[in-house]
Amino acid sequence: MCGIVGYIGKKQAAPVLLDGLEKLEYRGYDSAGMAVYDGKQINIKKATGRLKVLNELTHGGELLPGTVGIGHTRWATHGEPSDVNAHPHFNADRTIAVVHNGIIENYLKLKNTLIERGYKFLSETDTEVVAHLLDYYYKKCKNPLEAITKVMHRVEGSYALGILFSDEPDVVYSVRKDSPLIVGKGKDGNLIASDVPAVLKYTREVYFIENEEIARLSEDTIEFFNVDGETIEKEPKMIEWDINAAEKGGYEHFMLKEMYEQPKTVRDTLNPRIKDGRIVIDELGMTDEEIRAIKKIHIVACGSAYHTGVTNKYIFEGMARIPVEVDVASEFRYRNPILEEGTLVIIISQSGETADTLAALRLAKERGIMTLGIVNVVGSSIAREADKVMYTWAGPEIAVATTKAYSAQLIAQYLLAIKFAEVRGTISAEQVAGYITDLKKLPDQIEMLLNNKEKIQRFANRYIAAKDVFFIGRGIDYAISLEGSLKLKEISYIHSEAYAAGELKHGTISLIEDGTLVASVVTQPDLYKKTISNIVEVRTRGAFVLAITNEENTEIEKAADYVIYIPQTNPYFTNSLAIIPLQLFGYYVAVGKGCDVDKPRNLAKSVTVE
Ligand code: F6R
């Protein structure tokens, strides 16, 4: 997803912009650019490809003199990745430069009106509309702030903007609606950015810009305005993240580092919510009465976050006996869901900015339904807008493919399910105590699995040339299979599919041929026999079967070709363990194939367009 950085201060701007953009690389992008005011005019440099190209083009920023600038990494939405479509975009006189994250939904209508007024467009982007529209209003009112507010009233959709006016050269403007943007208050200047890691090198004091707010930064002042141009007051927040948390720390890839952070992530998400042998989720501010009044839960999310919801449907229903529907957010928002009184909508998102997930949250709120966000990024849109928020304390996740945030999302939902079940009286105090004991063991058990990675690593090396892989499981094991399959395909580009084990024979089994790899997940004791029958079915058709199963299930050695054992835990929590070898499998296959593990092709870390 696009990244924005802006700087105004004592330093040369371009190197600061490049540095900040580098910290936003994880968001995914296909081109990059910068606009810097050199004392006389605004100069723009942009280039398709990695930041390295822009870096070389500008000699590390040296060729763009000046201390005021905006920078951008673009992930194409309107128009292909190209130099001309890359941001920043100019007005015709080159006196206004704009970088943009998001989508201007009514850009075609605006573009046609502007063309009728004589404006000429160089790019295919929706962003260029903003540059020309600013020009149109600025020429009328001669006041940058007023021109910005006028544009805000005209454009529909989502936007975070960084703007330079050469007529007001000692100022950087920024504004947002439904796309993230923060302001950093530094010692040697002030910054804007799409995300905190871009400013951490310079400051920990950060303002979160809310929807339809405007920030005006000079070297030593930061002012905020509403959409009517009236001044508003905002309080900065101190960011506690360790800057090293945003660096690779000795691992070959962020993904591997983040996998190894999972024991800590699980501990951090779990421990503060277990007090004196009880689960306490105070931050929700939910009364027992509210919990008892829940008649139905909808879990809504995208991708891996959705997969954690699929797992937890079994757990909420099994433990708390509350009916649960799980939806992919992009479907939920357009299917006119039946949301009756007594429904709780749980929204799960690492970034807290996923466009479809955010829209699903807003839909539920519009219908007067209570929403609970499970979110990793503090201050993100979902965190701010949900009625109740439970944070996953995974820290910044840089690799595009999620691992530690996924694990934290599972834990947060386990805690909720146990809490709900306890309050509703569907489980006993002994059961609660037993679950807590098992949960507390998970971090060490995950660590043990990570430390024994060689067995799965060796296995992965044999499958670098695989064309198709199938993942099968039943119940929670099916949910684990969904995630195992996604991890493999998104980073190694090997086609894979996950199936409920009993479903394969209804068509897909025709794809099994000699040597096809089938990864089976078999961690639910009451389903061992059923899944083993499915393993036998594919094996007799030539499949090579990997099984991930519990230590006790040695019987499986008779049916599967290669077995990875996970330590004993409650069947509800096996996802947290079984996913570790599957993450490692996907990772080592991708490394073996030489793939760009942390930034897989075509993917973005934070999907802020629908
Ligand atoms: C896959 C992955 C994605 C995200 C999905 C939702 O590894 O990371 O499938 O889970 O894009 O993102 P968030 O959780 O930020 O809403």
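In terms of our numbering, the sequence shown opens at residue 23 and continues consecutively. Here a beta-carbon is modelled for each residue, glycine too, at the ideal position from N, C-alpha and C. Because the structure is a prediction, the values reported are computed rather than measured.
A direct Cα-to-Cα measurement between residue 206 and residue 236 gives close to 14 Å.
By the Cβ-count criterion, residue 582 is buried, with 16 or more other Cβ atoms from all chains shown falling within 10 Å of its own Cβ. If the five residues before and after residue 143 are omitted, its C-beta is found closer than 6 Å to the C-beta atoms of 150, all from its own chain and listed in chain order.
A check of alpha carbon separations from residue 126 across 147, 353, 197 and 565 identifies 147 as the nearest. Shortest gap from the CB of residue 405 to any heavy atom of ligand 1: 7 Å or more. DSSP places residue 167 within a helical segment (H, G or I) once states are collapsed to three. Between the alpha carbons of residue 590 and residue 572 lies a distance of about 6 Å. With a minimum length of 3 residues, the unbroken runs of beta strand (DSSP E) contained wholly in the segment 474 to 529 fall at 490 to 495 and 517 to 522.
Residue state for residue 629 is assigned as coil, using DSSP reduced to three classes. Non-local C-beta neighbours of residue 141 in its own chain, meaning closer than 6 Å and more than five positions away in sequence, comprise 154, ordered along the chain.
In chain order, 518 place their CB closer than 6 Å to the CB of residue 511, counting only its own chain and leaving out the 5 sequence neighbours on each side. If you compare the alpha carbons of 563, 25 and 523 with that of residue 538, the shortest gap goes to 563. Residue 468 and residue 478 have their C-alpha atoms some 14 Å from each other. Residue pairing by DSSP places residue 119 opposite 112 and 186 in a beta bridge.
A straight-line Cα-Cα distance of about 12 Å links residue 415 and residue 371. For residue 355, there is no enclosing beta strand (DSSP E), as DSSP marks it with neither H nor E. Assignment of residue 61 by DSSP, reduced to helix, strand and coil, places it in the coil class. Shown here, residue 329 sits in a helix according to DSSP, grouped into three states.
In this structure, residue 514 sits near residue 615, with a CB-CB distance shorter than 8 Å.
Residue environment analysis places residue 435 among the buried positions, since at least 16 neighbouring C-beta atoms fall within 10 angstroms of its C-beta. Residue 554 has its alpha-carbon roughly 10 Å from the corresponding atom of residue 579. Going by DSSP, residue 545 is part of no beta strand (DSSP E) at all; its letter is neither H nor E. Look at residue 320 here: in three-state DSSP terms it is strand. Nearest C-alpha to residue 335 among 363, 194 and 497: 497. Assignment of beta-bridge partners to residue 470 by DSSP yields no partner.
By the neighbour-count definition (other C-beta atoms within 10 Å, threshold 16), residue 324 is a buried residue.
From the listed residues 330, 48 and 444, the smallest Cα separation to residue 341 is found for 444. Within a 10 Å sphere around the beta-carbon of residue 123 sit 16 or more other beta-carbons, which makes this residue buried. For the options 423, 438, 399 and 245, the alpha carbon positioned closest to that of residue 605 is the one of 423. Of all alpha-carbon atoms in 51, 59, 61 and 84, the one lying nearest the alpha-carbon of residue 69 is that of 51. Within the DSSP bridge table, the entry for residue 570 names 543 and 586 as partners.
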